[in-house]
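A quick write-up on the structure given underneath.
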Amino acid sequence: MAYSSESAVRTASGFSNTTNITTATITAYLSDADSVINGYVGDVYSLPLSATCEMIETIARHITVGLLYANEYGEESQGT
Numbered sequence: 013m014a015y016s017s018e019s020a021v022r023t024a025s026g027f028s029n030t031t032n033i034t035t036a037t038i039t040a041y042l043s044d045a046d047s048v049i050n051g052y053v054g055d056v057y058s059l060p061l062s063a064t065c066e067m068i069e070t071i072a073r074h075i076t077v078g079l080l081y082a083n084e085y086g087e088e089s090q091g092t
């Protein structure tokens, strides 16, 4: 269970109407974000979390958008 969603990431990143960023790409970054969050909260809470609070969703969305920007449009991207 991802802590955020593809649609939330697309809205936050501004990629709502593009086909250049695939669902698979966003799903992979969502999974990475979930792993980071689980790494921090796993020592305190049982995983997977039974419910996702708004703060966890926000953190997951922001991490995913950051990974998306950094990896797809970072310094090494053509034309940046």
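Each residue of the sequence shown is one higher than the one before, counting from 13 in this note's numbering.
Using N, Cα and C, we set each Cβ at its ideal position, and we do this for glycine too.
| task | Return the first residue and the last residue of the alpha helix (DSSP H) that Gly51 is part of. | result | For this step, residue 51 is matched to residue 39 along the sequence shown. Where Gly51 is concerned, the enclosing alpha helix (DSSP H) starts and stops at Thr35 to Val53.
| task | Could you have a look at Glu18 and say whether DSSP puts it in helix, strand or coil? | result | To locate residue 18, count along the sequence shown from 1; it is residue 6. In this structure, Glu18 counts as helix in the three-state DSSP scheme.
| For Thr30, is the classification buried or exposed, using 16 other Cβ atoms within 10 angstroms of its Cβ as the cut-off for buried? | Sequence index remark: in the sequence shown, residue 30 carries index 18 (1-based). By the neighbour-count rule (16 or more Cβ atoms within 10 Å), Thr30 is not buried but exposed.
| First and last residue of the uninterrupted alpha helix (DSSP H) at Met13 | The residue labelled residue 13 in the question sits at position 1 within the sequence shown. According to the DSSP assignment, Met13 belongs to no alpha helix (DSSP H), since it is labelled neither H nor E.
| said: So, at 8 Å on beta carbons, what are the nonlocal neighbours of Thr39 in its own chain, with the 5 sequence-adjacent residues on each side left out? | reply: Locating residue 39 in the sequence shown gives position 27, counting from the first residue. Listed in chain order, the non-local C-beta contacts of Thr39 below 8 Å within the same chain comprise Ala14 and Glu18, local neighbours out to five positions each way being set aside.
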